[in-house]
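Heads up, the thing below is written out as structure tokens.
Printed below as a string of structure tokens:
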């Protein structure tokens with residue numbers, strides 16, 4: 007079945023209208039109204055331009071910025087979790103139970119972080135990541151001071167340092183996004 | 071008072087068209103046709119001018135009976151002043167662009 011260019015254009019401008027920020031809906035109603043006054047051959051490029059406009063406007067909103075950062079953190083946490091599982095599976099045959107356990111526990115923590123971030127947003131991410139960061143730092147200090155030198159403790163310390171750095175990055179990104187969103191809210195429209 | 075700002079050649083072109091008949095209400099499609107600017111550039115520009123207080127927008131009846139109302143635009147007093155000062159400063163560029171479209 008061949009879909010006409012006019013139908014594609016109508017679908018595109020409908021999409022543009024649905025994507026557009028709510029305070030711009032009237033302008034997109036205006037664009038839709040122009041549809042009835044244009045030659046058919048010009049509908050598609052017109053609709054494409056309207057869709058581009060809509061996406062650009064949406065990309066500048068605080069909601070989009072927060073959603074993009076949230077998605078990035080969720081994907082990052084999942085990737086980090088998978089990396090830990092991969093690492094645990096790789097060292098499994100070498101029989102380093104403490105390291106395997108630590109790696110799997112960390113994988114579970116980051117996976118839970120991804121779920122929490124996806125479900126509840128950046129504020130909850132920060133409030134959970136800060137205690138995790140504090141705990142991780144204490145464990146590292148404990149290992150550095152009290153653990154007997156050895157390959158296993160050094161690897162565990164290195165693993166925890168990486169995790170702490172990832173948590174710091176996640177907290178900084180989440181805080182920066184929240185500050186940006188607060189700034190956008192105060193900004194006059 | 072109109073705040074001077076960097077105005078792109080395309081914005082200047084739109085301002086000059088709107089300023090030609092400042093009492094008239096212009097439709098988006100008409101402006102596209104007369105300036106040669108595509109919708110993806112024109113509408114963000116109109117939105118920006120509107121946000122800055124240089125443009126007013128309203129719904130007007132279509133000249134064709136039975137057709138829906140159209141969104142139309144014209145310059146505000148500040149917009150007319152902006153157009154006047156901008157066009158005076160870049161008269162050559164505006165004439166060149168209008169000549170290219172003619």
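Protein chains in written order, with my numbering: chain P, 7 to 195; chain S, 71 to 172. By construction, the Cβ of each residue, glycine as well, lies at the ideal position given by its N, Cα and C atoms. Just so it is clear, the structure is predicted and the values come from calculations on it, not from any experiment.
Asked, Found
"Under 6 Å Cβ to Cβ from residue 12 of chain P, same chain only, skipping five residues before and after it: list those, please.", "46 and 49"
"Do residue 2 of chain P and residue 70 of chain P have their C-beta atoms closer together than 8 Å?", "Since the first residue of chain P shown is 7 and the last is 195, residue 2 of chain P is not available in this structure."
"For residue 18 of chain P, would you say it is in contact with chain S, using Cβ-to-Cβ distances shorter than 8 Å as the test?", "no"
"When you check each C-beta in the stretch 107-123 of chain S against every C-beta of chain P, which residues fall closer than 9 Å?", "108, 109, 110, 111, 112, 113, 114, 116, 117, 120 and 121"
"Between which two residues does the beta strand (DSSP E) carrying residue 126 of chain S extend?", "125-130"
"Pull up the distance between the alpha-carbon of residue 96 of chain S and that of residue 135 of chain P, whole angstroms please.", "54 Å"
"Is there contact between the stretch 99-118 of chain S and the stretch 14-22 of chain P, where contact requires at least three CB pairs shorter than 8 Å?", "no"
"Using alpha carbons as the reference points, say which of P:90, P:59 and P:153 lies closest to residue 115 of chain P.", "P:90"
"For residue 43 of chain P, does the three-state DSSP call read helix, strand or coil?", "coil"
"Compare the C-beta of residue 42 of chain P with all C-beta atoms of chain S and state if any pair is closer than 8 Å.", "yes"
"With DSSP run on the structure shown, which of helix, strand or coil describes residue 137 of chain S?", "coil"
"Alpha carbon to alpha carbon, how far is residue 36 of chain P from residue 141 of chain S?", "5 Å"
"Mind listing which residues of the stretch 138-157 of chain S have their C-beta closer than 7 Å to chain P's C-betas, in chain order?", "138, 139, 140 and 141"
"So, under 8 Å CB-CB, residue 112 of chain S and residue 146 of chain S are touching, yes? Tell me the CB distance rounded to an integer number of Å.", "Not a contact, Cβ separation roughly 18 Å."
"Taking C-beta pairs closer than 9 Å, name the residues in chain S that residue 51 of chain P reaches, listed in chain order.", "108, 109 and 110"
"Can you list, in chain order, the residues of its chain whose CB lies under 7 Å from that of residue 128 of chain P, leaving out five sequence neighbours each side?", "72, 75, 76, 180, 183 and 184"
"Give a yes or no on whether the C-beta atoms belonging to residue 52 of chain P and residue 109 of chain S are separated by under 8 Å.", "yes"
"Counting C-beta neighbours from all protein chains within 10 Å, is the total for residue 34 of chain P 16 or more, i.e. buried, or is it exposed?", "buried"
"Checking 8 Å against the spacing of the C-beta atoms, do residue 139 of chain S and residue 132 of chain S come in under that value?", "yes"
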